[in-house]
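Novice: Sequence positions in the sequence shown follow my numbering and run 648 to 883. All C-beta atoms in this analysis are idealised placements derived from N, C-alpha and C, irrespective of residue type, glycine included.
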Amino acid sequence: MIPSSIVILTGAGISAESGLSTFRDKDGIWAKVDVNDVATPEGFARNPDMVHDFYNQRRANMAWAKPNPAHFALARLEQAFPGAFLLVTQNIDDLHERAGSLELVHMHGELKRALCGNCGYRCDADGDLSRDRTCPACGAKGFLRPDVVWFGEMPYHMDRIYAALNACDLFVSIGTSGNVYPAAQFVQEAALAGAHTVELNLEPSLGIDDFAETIHGKAGMIVPQWVDRLLDGKTA
Ligand code: OAD
Numbered sequence: 648m649i650p651s652s653i654v655i656l657t658g659a660g661i662s663a664e665s666g667l668s669t670f671r672d673k674d675g676i677w678a679k680v681d682v683n684d685v686a687t688p689e690g691f692a693r694n695p696d697m698v699h700d701f702y703n704q705r706r707a708n709m710a711w712a713k714p715n716p717a718h719f720a721l722a723r724l725e726q727a728f729p730g731a732f733l734l735v736t737q738n739i740d741d742l743h744e745r746a747g748s749l750e751l752v753h754m755h756g757e758l759k760r761a762l763c764g765n766c767g768y769r770c771d772a773d774g775d776l777s778r779d780r781t782c783p784a785c786g787a788k789g790f791l792r793p794d795v796v797w798f799g800e801m802p803y804h805m806d807r808i809y810a811a812l813n814a815c816d817l818f819v820s821i822g823t824s825g826n827v828y829p830a831a832q833f834v835q836e837a838a839l840a841g842a843h844t845v846e847l848n849l850e851p852s853l854g855i856d857d858f859a860e861t862i863h864g865k866a867g868m869i870v871p872q873w874v875d876r877l878l879d880g881k882t883a
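1. Classify F719 as buried or exposed, calling it buried when 16 or more other Cβ atoms lie within 10 Å of its own Cβ.
2. Assuming D794 is part of the beta strand (DSSP E), what are its boundary residues?
3. Any chance the CB of R671 is under 7 angstroms from a heavy atom of the ligand OAD?
4. Compare the beta carbon distance of C785 and C770 with 8 angstroms and say whether it is the shorter of the two.
5. Go through its chain and collect everything with a Cβ distance to D879's Cβ below 8 angstroms, but skip five positions before and after it.
6. If we count the other Cβ atoms within 10 Å of its Cβ and call it buried at 16 or more, is E689 buried or exposed?
7. State the DSSP-derived secondary structure class of V760, mapped to helix, strand or coil.
8. Is the segment 704-715 in contact with the segment 653-671, if contact means three or more CB pairs nearer than 8 angstroms?
9. Should G799 be labelled buried (16 or more other beta-carbon atoms within 10 Å of its own) or exposed?
10. Kindly examine the ligand OAD and report whether one of its heavy atoms sits closer than 7 angstroms to the Cβ of V796.
11. For M754 and Q737, I'd like the C-alpha separation in whole angstroms.
12. Considering only their Cβ atoms, is the gap separating A866 from L847 smaller than 8 angstroms?
13. Is it a yes or a no for the segment 806-822 touching the segment 777-792, going by three-plus beta-carbon pairs under 8 angstroms?
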């Protein structure tokens, strides 16, 4: 069957071969730092310097990293696919856009953006963030934070994402462990809407049983192969 509407969800695994750490693998980010310290509003209130250092380092790593064949394959798919297409990423890196993806939403925010906790203004981070930076809109000092979604906060673009999930006939999840909601539940939403569901991941995710089709391996290998098959009309 040739799909008419595709939603793709990506997670940290798609950027692993670009040299960016995942979260829950053995040597992942959450094995080294406490999620409560660096990914909650309470952690930022307790120790803003530590939180800024953490995201400044990740922003620097992102600047060195390059998109890998999996990012490029998804951009190629979007360009060649005649139907509706939405790429939803949980990643805060910019590798999808640097590979050429256009219909892309960052549901957990973006490292390269800053958000003022005082007035809600959003702007480019323009290098490191710190307590010394002032908001370009309200002038308040010390309120600029990374524009990323922390635990306890509402992910971005949810209306657009659910509308696409409810209208899609193919849902593909790539490089995510299925630990974090609401993203972990998108497969069920899409399946309820009648979509074929595919997991492309290094290993079975927590939600493996919800997928109709699963392919396991490194994203840099299996995503380009899967995109080729889809565009040749040989899958889904
Ligand atoms: P995880 O670290 O939880 O999961 C990454 C998944 O990628 C795992 O299932 C790995 O097996 C897989 N993986 C690793 N290397 C891979 C490769 N080369 N090719 C394919 N798959 C590979 O990361 P996420 O699921 O993205 O949220 O985590 C979801 C959210 O939890 C993140 O957005 C972040 C984190 O806490 C916030 O900070 C709000």
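Specialist: Once the coordinates are examined:
1. Its Cβ being crowded by 16 or more others within 10 Å, F719 is buried.
2. L791 to V795 is the span of the beta strand (DSSP E), which, as asked, contains D794.
3. Within 7 angstroms of the C-beta of R671 there is at least one heavy atom belonging to the ligand OAD.
4. No. Outside cutoff.
5. In its own chain, leaving out the 5 sequence neighbours on each side, no residue places its CB closer than 8 angstroms to the CB of D879.
6. Counting Cβ neighbours within 10 Å, E689 comes out exposed, since fewer than 16 surround it.
7. Before going further, note that residue 760 is Arg rather than Val in the sequence given. Of the three classes helix, strand and coil, the one that applies to R760 here is strand, per DSSP.
8. In short, these stretches touch, since the Cβ pair count reaches three.
9. Looking at its Cβ environment, which holds fewer than 16 other Cβ atoms inside 10 Å, G799 is exposed.
10. Correct: V796 has its Cβ closer than 7 angstroms to the ligand OAD.
11. Going from the Cα of M754 to the Cα of Q737 covers about 6 angstroms.
12. Contact: yes.
13. Result no; under three Cβ-Cβ pairs closer than 8 angstroms.
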